[in-house]
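Peer 1: Terminal number for the sequence shown in the UniProt record's numbering: 154, no gaps in between. We treat Cβ as the ideally placed atom computed from N, Cα and C, and that holds for glycine. My structure is below; once you've seen it, I'll send some questions.
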Amino acid sequence: MSAERFLCEAIDLARDNVRRGGRPFGAVLVKDGKVIATGVNEIGTTGDPTTHAELQAIRAASRALGSPRLDGCVIYASGHPCPMCLAAMHLTGIREVNFAYSNEDGEAYGLSTAAIYAEMARPVMQHHALKVAYVPVRPDGAGIYDLWRSAQRS
1 MSAERFLCEA IDLARDNVRR GGRPFGAVLV KDGKVIATGV NEIGTTGDPT
51 THAELQAIRA ASRALGSPRL DGCVIYASGH PCPMCLAAMH LTGIREVNFA
101 YSNEDGEAYG LSTAAIYAEM ARPVMQHHAL KVAYVPVRPD GAGIYDLWRS
151 AQRS
């Protein structure tokens with residue numbers, strides 16, 4: 001299957017979402033040439049800022065496949081994935097993403113995430129837009145990572 005076919009599907013999802021009052025973002029998640037899940041940006045309808053099209057497709061695919069791992073899957077997105085969506089792709093094992101509209105295409109519409117990418121490129125303790133502090137609190141009892149490791153062995 002060609003990338004263009006799945007990108008056209010993502011764009012169609014984005015167009016339909018705009019017609020319903022949503023933002024112009026759609027995503028198609030594919031494995032072995034078959035559509036596993038789709039998603040659209042639902043921030044306006046849910047009030048949840050994490051309901052980006054790619055994340056919605058990832059959530060649906062994880063449910064459909066019964067796994068948080070999406071190795072072998074490809075995402076086709078109408079727009080340039082933001083850092084949050086890109087991080088989710090890394091965390092789930094997705095190793096390929098194709099997108100139709102760039103950050104430069106979205107800039108004039110206020111739909112670019114280039115500034116967030118620039119901020120995320122800074123070392124975490126040097127972010128300007130977000131105060132980040134390491135505060136190593138260790139209450140009495142098992143450390144949370146030790147507790148997790150023990151639970152994994154059970």
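Spatial neighbours of L55 within its chain, please: C-beta separation below 8 Å, excluding the five flanking residues on both sides.
Peer 2: Position 55 of the sequence shown, counted from the start, is the residue given in the question as residue 55. Cβ neighbours of L55 beyond the five flanking positions: G39, M84, C85, A88.
Peer 1: Name the residue from D48, I36, D71 whose alpha carbon lies nearest to the alpha carbon of A57.
Peer 2: One-based indexing of the sequence shown puts residue 57 at position 57. It is I36.
Peer 1: Using the C-alpha atoms, what's the distance from G79 back to G145?
Peer 2: For this step, residue 145 is matched to residue 145 along the sequence shown. For this step, residue 79 is matched to residue 79 along the sequence shown. The question names Gly, but residue 145 is Tyr in the sequence shown. Roughly 37 Å separates the two Cα atoms.
Peer 1: Which partner residues of N98 appear in the DSSP bridge assignment?
Peer 2: As a first step, residue 98 is located in the sequence shown; it is residue number 98 there, counting from the start. Answer by DSSP bridge pairing, in chain order: Y76.
Peer 1: Between which two residues does the beta strand (DSSP E) carrying A27 extend?
Peer 2: The residue you call residue 27 lines up with position 27 of the sequence shown. Per DSSP, A27 belongs to the beta strand (DSSP E) from 26-31.
Peer 1: Assuming contact is defined by CB atoms lying nearer than 8 Å, are G47 and G22 in contact in what I supplied?
Peer 2: What you label residue 47 is simply residue 47 of the sequence shown in a count that begins at 1. What you label residue 22 is simply residue 22 of the sequence shown in a count that begins at 1. Their beta carbons are not under 8 Å apart, which means G47 does not touch G22 by this criterion.
Peer 1: Looking at C-alpha atoms only, which residue of R69, C73, P24 is the closest neighbour of T51?
Peer 2: To locate residue 51, count along the sequence shown from 1; it is residue 51. Per the Cα distances, P24.
Peer 1: If the criterion is Cβ atoms closer than 8 Å, does the pair A53 and G72 meet it?
Peer 2: For this step, residue 53 is matched to residue 53 along the sequence shown. For this step, residue 72 is matched to residue 72 along the sequence shown. Taking 8 Å as the Cβ cut-off, A53 and G72 do not qualify as a contacting pair.
Peer 1: Looking at Y76: is its Cβ nearer than 8 Å to the Cβ of V28?
Peer 2: On the sequence shown, position 76 is the one that residue 76 refers to. On the sequence shown, position 28 is the one that residue 28 refers to. Yes.
Peer 1: Should A100 and A10 be called a contact, given that it needs their Cβ atoms to be closer than 8 Å?
Peer 2: On the sequence shown, residue 100 is found 100 positions in, with the first residue counted as 1. On the sequence shown, residue 10 is found 10 positions in, with the first residue counted as 1. It is a contact, given that the beta carbons lie within the stated cut-off.
Peer 1: For P81 versus V97, is the C-beta spacing smaller than 8 Å?
Peer 2: The sequence position of residue 81 within the sequence shown is 81, counting from 1. The sequence position of residue 97 within the sequence shown is 97, counting from 1. It is a contact, given that the beta carbons lie within the stated cut-off.
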